[in-house]
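Chains as they are written, first to last, in the numbering used here: chain P, 24 to 233; chain Z, 24 to 233. Each residue gets a CB set at the ideal place from its N, CA and C atoms; glycine is no exception. A quick write-up on the structure given underneath.
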DNA sequence: GTCTATAAATAGATAGAC
DNA sequence: GTCTATCTATTTATAGAC
């Protein structure tokens with residue numbers, strides 16, 4: 024006996040959300056086309072305006088989803104009871120995991136950086152801010168424990184997310200370059216990148232790179 | 024006695040090029056508006072089509088200018104006669120210098136990454152490829168001299184340009200976050216970032232981060 | 001070389017039927 | 001909730017005068 028089907032609209036809303044995320048990732052906010060989004064979701068334009076207020080509102084919802092997911096996840100990391108070193112590793116791992124769960128995440132994040140955060144409303148900007156602040160607290164804790172040297176949280180944060188987003192977002196271009204003849208450019212598994220960034224970050228925090 | 028004025032069109036072409044670079048950096052390819060570009064250059068739309076074939080061709084020319092500038096500059100670095108360590112430092116410095124000379128450079132580069140290099144024609148893609156290859160040769164040289172451990176050129180390259188573009192491109196967002204209350208987020212001078220990345224890269228190549 | 005005016009296409013948003 | 005049809009604004013691109 025089949026379970027009573029949930030309202031079809033819940034599903035169509037989710038399909039539109041997914042399709043929109045993919046479209047915004049591939050073409051950016053301005054380049055995205057609501058008609059194409061609707062068709063990718065096997066629906067039509069009008070349904071976007073039924074479920075969302077506008078193209079801009081739809082985009083903001085995707086941004087909020089992204090940044091709140093990362094924000095709450097790293098907050099959990101900071102609250103855990105383990106060494107500062109493990110928290111740093113978990114911090115990197117957490118961002119990578121959220122990014123891998125959402126393939127559209129890295130391109131959209133990169134674009135928002137390029138845009139100067141023009142599409143971020145105050146609340147979402149706050150979540151982005153909180154991520155850096157969380158890392159700052161982990162660093163402080165490590166300093167108090169005598170394991171880390173003091174460091175600018177923003178500098179460390181950039182050192183983590185920039186290469187992470189770069190490698191996750193460039194998988195496609197790198198394959199393109201590989202086909203064009205560059206050797207050993209494409210086959211760098213995410214695991215390797217994450218491990219590399221974890222080691223790098225700890226080396227910085229422990230003052231081993233001067 | 025005034026020098027005979029060069030043809031006015033040379034100047035108007037350059038003005039359009041500059042205005043276009045700024046527009047593409049701020050809004051991306053799709054978000055850019057040829058009318059706005061023309062007005063920013065104190066000219067009109069028709070002049071864009073007089074000097075350039077199309078919006079797409081204009082954009083491609085900006086990309087080519089960017090990547091050829093970096094490509095030839097790092098080629099000089101690799102050809103210099105100095106230690107591999109100094110070449111690595113100069114490599115980072117060279118990219119930073121070209122990026123600082125063109126404020127539109129980091130945002131556009133970030134967007135191209137996000138886009139998967141969709142706007143890069145074969146020739147320009149080749150220049151991007153050449154930059155990585157050049158770094159690869161510097162690494163090899165260091166390995167032969169027994170100073171570097173073998174490393175994936177692409178991994179090292181990403182570790183350089185990702186944080187570099189990130190910090191140069193985020194100056195604006197970071198100021199926005201600072202105004203919203205985050206402390207010590209905005210005031211990281213480019214010099215500090217470059218020095219940090221130079222040390223980081225050398226630590227990786229010398230096998231000091233494992 | 002530079003301009004105005006306009007053609008032609010595209011895309012965000014809504015009305016209204018079912 | 002979902003669709004078709006359409007309105008309206010925007011925008012790339014060109015024609016043609018000066």
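Below-8 Å beta-carbon distance, residue i vs any chain Z residue
| i | result |
| --- | --- |
| residue 233 of chain P | yes |
| residue 165 of chain P | no |
| residue 142 of chain P | no |
| residue 158 of chain P | no |
| residue 25 of chain P | Since pLDDT at residue 25 of chain P reaches only 41, below the 50 mark, its modelled position is unreliable, and no value is offered. |
| residue 226 of chain P | yes |
| residue 197 of chain P | yes |
Opening and closing residue of the alpha helix (DSSP H) in which residue i lies
| i | result |
| --- | --- |
| residue 109 of chain Z | 107-124 |
| residue 74 of chain P | 68-74 |
| residue 149 of chain Z | 145-167 |
| residue 54 of chain P | 31-54 |
| residue 96 of chain P | 78-102 |
| residue 183 of chain P | 176-192 |
| residue 210 of chain P | Counting along the chain, residue 210 of chain P falls outside any alpha helix (DSSP H), and DSSP gives it neither H nor E. |
| residue 232 of chain Z | Careful: residue 232 of chain Z lies outside any alpha helix (DSSP H) and carries neither H nor E. |
| residue 173 of chain P | Looking at the DSSP string, residue 173 of chain P is not in any alpha helix (DSSP H), and its letter there is neither H nor E. |
| residue 61 of chain Z | 57-63 |
| residue 5 of chain Z | As displayed, chain Z neither begins before 24 nor continues past 233, which places residue 5 of chain Z out of reach and without an answer. |
Residue-level contact to chain P via CB, residue i, 8 Å cutoff
| i | result |
| --- | --- |
| residue 60 of chain Z | no |
| residue 154 of chain Z | no |
| residue 101 of chain Z | no |
| residue 139 of chain Z | yes |
| residue 222 of chain Z | yes |
| residue 230 of chain Z | no |
| residue 28 of chain Z | Residue confidence for residue 28 of chain Z is low, a pLDDT of 42 falling below 50, so the modelled location carries little weight and cannot support an answer. |
8 Å contact criterion, which residue i and residue j should meet: CB distance rounded
| i | j | result |
| --- | --- | --- |
| residue 115 of chain P | residue 217 of chain P | 6 Å |
| residue 170 of chain P | residue 229 of chain P | 7 Å |
| residue 96 of chain Z | residue 121 of chain Z | 6 Å |
| residue 232 of chain P | residue 222 of chain Z | 5 Å |
| residue 12 of chain Z | residue 43 of chain P | Residue 12 of chain Z lies beyond the range of chain Z shown here (24 to 233); nothing can be said about it. |
| residue 52 of chain P | residue 142 of chain P | 6 Å |
| residue 165 of chain P | residue 199 of chain Z | Going by Cβ atoms, the distance from residue 165 of chain P to residue 199 of chain Z rounds to 28 Å, so no, they are not a contact pair. |
| residue 75 of chain Z | residue 185 of chain P | With 8 Å as the limit, residue 75 of chain Z and residue 185 of chain P do not qualify as a contact, their Cβ atoms being about 33 Å apart. |
| residue 219 of chain P | residue 133 of chain Z | Rounded, the Cβ-Cβ distance is 21 Å, inconsistent with contact. |
| residue 79 of chain Z | residue 68 of chain Z | So it is not a contact: roughly 15 Å between Cβ atoms. |
| residue 182 of chain P | residue 224 of chain P | 6 Å |
| residue 93 of chain Z | residue 71 of chain Z | Actually they do not touch by this definition, with Cβ atoms about 26 Å apart. |
- Message: Tell me which residues of the region 176-195 of chain P have at least one Cβ-Cβ distance to chain Z shorter than 7 Å, keeping chain order.
- Response: Within the region 176-195 of chain P, those residues whose Cβ lies closer than 7 Å to any Cβ of chain Z are, in chain order, 177, 178, 181, 182, 185, 186, 189, 190, 192, 193, 195.
- Item | Chain-ordered residues of the region 110-137 of chain Z with a beta carbon less than 9 Å from chain P | Within the region 110-137 of chain Z, those residues whose Cβ lies closer than 9 Å to any Cβ of chain P are, in chain order, 129, 130, 131, 132, 133, 134, 135, 136, 137.
- Members of the region 63-90 of chain Z that neighbour chain P once the beta carbon cut-off is set at 9 Å: If the cut-off is 9 Å between Cβ atoms, the region 63-90 of chain Z has nothing near chain P.
- Query: Using a beta-carbon distance cut-off of less than 9 Å, what residues from the region 39-53 of chain P approach chain Z?
  - Reply: Cβ contacts with chain Z come from 48, 49, 50, 51, 52, 53.
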